[in-house]
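Residue numbers (the numbering used here): 2 to 561. Note that CB positions come from ideal geometry on N, CA and C, so glycine has one too. To start, the structure under review is shown below, and the notes come after it.
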């Protein structure tokens with residue numbers, strides 16, 4: 002009798018537990034059938050993932066709960082659901098999933114990009130917001146950005162008659178800019194020794210992107226770490242050792258210069274600022290923390306900004322009327338006697354519209370960096386269990402025809418009423434909520450200045466009728482499949498022309514030699530002083546040459 006009573010109690014408890022379990026999980030988001038044993042839906046994942054998820058969501062709904070091995074994954078492709086994730090559930094989704102890349106490349110989940118939400122992350126975020134990305138800090142460093150912009154124009158001028166790989170131009174410019182902000186070094190366009198050091202770091206950046214984009218089944222099926230997945234882990238460990246050694250050397254070099262009083266120095270580098278903080282709290286601001294800050298800034302800020310610049314120029318080449326409109330705006334508000342600078346951007350809203358529209362069509366991170374729920378929550382009326390990884394498909398949201406009219410069309414005018422890089426939750430190229438990108442302000446300043454200078458200083462046109470190829474390549478930052486380049490004499494390839502200043506100068510016969518000497522002298526003088534006055538048709542040097550030609554002609558008349 003006693004055993005019967007215990008059996009009845011156990012059956013009743015089991016029934017109540019099962020009923021509670023069914024009620025709790027009966028309202029889960031839709032999923033795909035069948036869910037295969039062990040691997041779940043991993044067999045459906047084909048690159049690029051954002052297109053795969055968009056196709057699945059178009060058929061099965063904008064909120065899906067998939068299984069990647071043993072990991073639950075919530076895929077969101079709607080504005081309303083993403084708004085719920087980043088407003089009422091923002092704290093719940095402020096965590097990052099524990100992936101192998103975060104353990105090794107994220108310094109055991111202590112870097113700002115990989116750390117869990119808590120006191121440590123909040124302190125890192127505070128440092129980045131106040132010490133690195135504040136408006137005051139960015140304004141202090143704007144001369145560096147202006148200088149790199151001028152040097153980019155000089156480089157393009159010098160290569161007008163040669164092949165130009167714009168991916169390389171933009172990447173080297175952004176890397177120079179970021180390294181000057183971080184350590185005061187300029188790798189490309191300077192000494193051979195520093196350029197070699199820069200190439201080594203470029204290889205590390207490429208290797209980081211390649212490793213991070215490699216599918217790691219061990220993240221979803223732990224048992225796979227013992228069956229052929231150790232190779233990826235070894236690559237990550239080897240790469241991280243190289244990255245640590247590289248930045249440790251930069252830190253040691255900076256320590257040797259500590260005799261200089263920082264208070265009397267303008268534009269302190271990021272390493273200098275962090276070393277000062279290290280003196281106040283050496284146990285917290287370790288060299289490892291400083292290294293992770295520098296790595297996050299470089300890896301997140303270099304390739305993404307360069308990629309956006311390349312996409313923007315490619316779109317403009319396919320839409321010459323947009324180029325003309327941008328140039329007219331610059332001519333009206335800046336004039337022809339100086340180069341565009343950052344302070345002009347408030348008067349050049351169309352440049353920002355071009356950049357925003359580029360980020361809408363080709364976001365640098367089409368799938369936002371993964372989040373993870375720290376507790377149960379509700380999204381779109383569905384129950385989301387604790388420990389669910391969240392993937393926001395912003396590429397799909399940015400091209401949703403219910404949110405955007407004619408979303409496949411490049412139309413910068415659609416952002417004329419938008420004053421920032423956010424438009425509700427239908428446009429959020431830098432993410433949203435607590436874990437949004439802290440470098441948004443720096444990225445927009447860099448890209449807007451780059452595009453403003455390119456539009457002001459050159460005429461851009463395709464040779465022939467062939468459009469610039471806009472196919473996307475594979476990678477975390479959505480690169481172009483075919484790098485944008487200028488090639489002479491190949492009408493069947495992707496190329497363009499950049500008319501230079503020298504083409505408009507008309508020399509008068511009686512004074513040819515004098516004018517040529519004066520023109521060359523002025524160009525050398527201007528170039529030497531880093532004021533790169535280049536020309537679309539008659540912009541900068543004309544204002545310097547014309548008065549001289551007139552004065553020479555007057556002298557000639559007097560002498561006759």
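Residue i, buried or exposed, once every other Cβ within 10 Å from all chains shown has been counted against 16
{"i": "residue 508", "result": "Residue confidence for residue 508 is low, a pLDDT of 27 falling below 50, so the modelled location carries little weight and cannot support an answer."}
{"i": "residue 242", "result": "exposed"}
{"i": "residue 454", "result": "buried"}
{"i": "residue 92", "result": "exposed"}
{"i": "residue 561", "result": "Bear in mind that the predicted position of residue 561 carries a pLDDT of just 43, short of 50, making it unreliable; the figure below should be weighed with that in mind. Answer is exposed; the Cβ neighbour count stays below 16."}
{"i": "residue 300", "result": "buried"}
{"i": "residue 238", "result": "exposed"}
{"i": "residue 457", "result": "buried"}
{"i": "residue 254", "result": "exposed"}
{"i": "residue 395", "result": "buried"}
{"i": "residue 227", "result": "exposed"}
{"i": "residue 201", "result": "exposed"}
{"i": "residue 81", "result": "exposed"}
Enclosing alpha helix (DSSP H) for residue i [first to last residue]
{"i": "residue 86", "result": "80-87"}
{"i": "residue 113", "result": "Careful: residue 113 lies outside any alpha helix (DSSP H) and carries neither H nor E."}
{"i": "residue 334", "result": "321-334"}
{"i": "residue 356", "result": "350-362"}
{"i": "residue 93", "result": "That residue, residue 93, is in no alpha helix (DSSP H); it is neither H nor E in DSSP."}
{"i": "residue 392", "result": "Residue 392 -> not in any alpha helix (DSSP H); beta strand (DSSP E) instead, spanning 390-393."}
Straight-line gap, residue i to residue j (C-alpha atoms, nearest Å)
{"i": "residue 499", "j": "residue 171", "result": "Because the pLDDT at residue 499 is just 45, under 50, the model does not fix this residue reliably, and the point stays unresolved."}
{"i": "residue 401", "j": "residue 281", "result": "50 Å"}
{"i": "residue 138", "j": "residue 476", "result": "31 Å"}
{"i": "residue 349", "j": "residue 419", "result": "13 Å"}
{"i": "residue 224", "j": "residue 73", "result": "17 Å"}
{"i": "residue 23", "j": "residue 45", "result": "Note that residue 23 scores 43 on pLDDT, short of 50, meaning its location in the model is unreliable; the coordinates nonetheless yield the value given after this. Going from the Cα of residue 23 to the Cα of residue 45 covers about 27 Å."}
{"i": "residue 214", "j": "residue 51", "result": "13 Å"}
{"i": "residue 108", "j": "residue 245", "result": "10 Å"}
{"i": "residue 47", "j": "residue 258", "result": "50 Å"}
{"i": "residue 269", "j": "residue 165", "result": "34 Å"}
{"i": "residue 61", "j": "residue 321", "result": "39 Å"}
{"i": "residue 563", "j": "residue 114", "result": "Past the edges of the chain, shown from 2 to 561, lies residue 563, and the structure says nothing about it."}
{"i": "residue 195", "j": "residue 187", "result": "7 Å"}
{"i": "residue 79", "j": "residue 55", "result": "10 Å"}
{"i": "residue 75", "j": "residue 125", "result": "27 Å"}
{"i": "residue 377", "j": "residue 388", "result": "8 Å"}
{"i": "residue 408", "j": "residue 316", "result": "14 Å"}
{"i": "residue 286", "j": "residue 275", "result": "7 Å"}
{"i": "residue 136", "j": "residue 104", "result": "32 Å"}
{"i": "residue 450", "j": "residue 424", "result": "22 Å"}
{"i": "residue 110", "j": "residue 41", "result": "26 Å"}
{"i": "residue 96", "j": "residue 176", "result": "29 Å"}
{"i": "residue 341", "j": "residue 330", "result": "11 Å"}
{"i": "residue 157", "j": "residue 460", "result": "12 Å"}
{"i": "residue 236", "j": "residue 112", "result": "19 Å"}
{"i": "residue 390", "j": "residue 374", "result": "7 Å"}
{"i": "residue 338", "j": "residue 298", "result": "35 Å"}
Distance cut-off 7 Å: residue i Cβ against heavy atoms of the ligand PLP
{"i": "residue 140", "result": "By its list of ligands, the structure shown contains no ligand whatsoever, and the ligand PLP lies outside what it can speak to."}
Enclosing beta strand (DSSP E) for residue i [first to last residue]
{"i": "residue 225", "result": "Where residue 225 is concerned, there is no enclosing beta strand (DSSP E), given that its DSSP letter is neither H nor E."}
{"i": "residue 384", "result": "383-385"}
{"i": "residue 378", "result": "378-380"}
{"i": "residue 448", "result": "Run containing residue 448: none in the beta strand (DSSP E); it sits in the alpha helix (DSSP H), 441-458."}
{"i": "residue 69", "result": "64-69"}
{"i": "residue 76", "result": "72-77"}
Whole-angstrom C-beta distance between residue j and residue i, which should lie under 8 Å
{"i": "residue 435", "j": "residue 358", "result": "With 8 Å as the limit, residue 435 and residue 358 do not qualify as a contact, their Cβ atoms being about 27 Å apart."}
{"i": "residue 304", "j": "residue 478", "result": "5 Å"}
{"i": "residue 392", "j": "residue 368", "result": "5 Å"}
{"i": "residue 106", "j": "residue 209", "result": "7 Å"}
{"i": "residue 605", "j": "residue 70", "result": "As shown, the chain starts at 2 and ends at 561. That puts residue 605 outside it, with no answer to give."}
{"i": "residue 247", "j": "residue 205", "result": "7 Å"}
{"i": "residue 452", "j": "residue 323", "result": "Rounded, the Cβ-Cβ distance is 11 Å, inconsistent with contact."}
{"i": "residue 182", "j": "residue 149", "result": "Not quite, the Cβ-Cβ distance comes to about 10 Å (not below 8 Å), so this is no contact."}
{"i": "residue 485", "j": "residue 314", "result": "6 Å"}
Residue i and residue j closer than 8 Å at C-beta
{"i": "residue 64", "j": "residue 379", "result": "no"}
{"i": "residue 397", "j": "residue 58", "result": "yes"}
{"i": "residue 441", "j": "residue 426", "result": "no"}
{"i": "residue 29", "j": "residue 66", "result": "yes"}
{"i": "residue 184", "j": "residue 272", "result": "yes"}
{"i": "residue 240", "j": "residue 217", "result": "no"}
{"i": "residue 480", "j": "residue 308", "result": "yes"}
{"i": "residue 372", "j": "residue 94", "result": "yes"}
{"i": "residue 439", "j": "residue 134", "result": "yes"}
{"i": "residue 290", "j": "residue 252", "result": "no"}
{"i": "residue 447", "j": "residue 344", "result": "no"}
{"i": "residue 362", "j": "residue 353", "result": "no"}
{"i": "residue 152", "j": "residue 302", "result": "no"}
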